[in-house]
Amino acid sequence: MIGLVLVAHQPLATALGEGIQHVFGDQAALVLRDIRPDEDCVQASRRLAADIAAVDSGQGVLVLTDVQGATPTNIACEAVRDAMSAGHVATVLSGTNLPMLLRVVNQRLREPGLDLGELAQRALEGGRDGVVLIHFSSNGQ
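Residue numbers for the sequence shown follow our numbering, beginning at 6 and rising by one.
Encoded structure:
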């Protein structure tokens, strides 16, 4: 099973994890990491690299972050570099939303042999498909 690590500004990772649990129940090989405003980035990166190693069963790890260029993503990228230098395979995907996560978990459960690149692609599609402009007519419907 592909491991999942969700890294976001506190308390977003935990909140999104609760959304996953609401729909799918408890999930194996899933780590949620909220990054506090006063977080020590070096320590957080080391913890995250250990998390990646812990959920890597040999199929790789998809690391999902909230905002490209923000501290949680920077920490995740550093952790992935460290994990990859230790022999793990991981991909970082930024811009996570709940529809993306639901797609990832659903695909991971339905197709356990899915490779990391394909799961990342499906995550991107789920995230995009989940952003919808809802139109109302002048009478409110």
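Built from N, CA and C at the ideal position, the CB exists for glycine as well. Since this is a predicted model, take the numbers as computed values, not measurements.
Tell me whether G8 sits in a helix, a strand or coil according to DSSP, three-state version. As a working mapping, residue 8 is identified with position 3 in the sequence shown. Strand, per DSSP.
Among the candidates L107, L98, I7, whose CA atom is the shortest distance from the CA of G74? In the sequence shown, counting from the first residue as 1, residue 74 sits at position 69. Closest option to G74, Cα to Cα, is L98.
Would you decide whether L11 is buried or exposed? Buried here means 16 or more other CB atoms lie within 10 Å of its CB. Taking the sequence shown and counting its residues from 1, the one referred to as residue 11 is at position 6. Per the 10 Å Cβ criterion, buried.
Based on the DSSP output, what are the partners of A40 in its beta bridges? The count along the sequence shown starts at 1 and reaches residue 40 at position 35. Correcting the residue identity first, residue 40 is Ile in this sequence and not Ala. BP columns for I40 point to H14.
heavy atom of the ligand GTP below 6 Å from I25 C-beta: The ligand GTP is not part of the structure shown, which contains no ligands of any sort.
Excluding the 5 residues flanking A58 on each side, which residues of the same chain have their C-beta closer than 8 Å to its C-beta? Position 53 of the sequence shown, counted from the first residue, corresponds to residue 58. Same-chain partners within the cutoff: A88, A91, H93.
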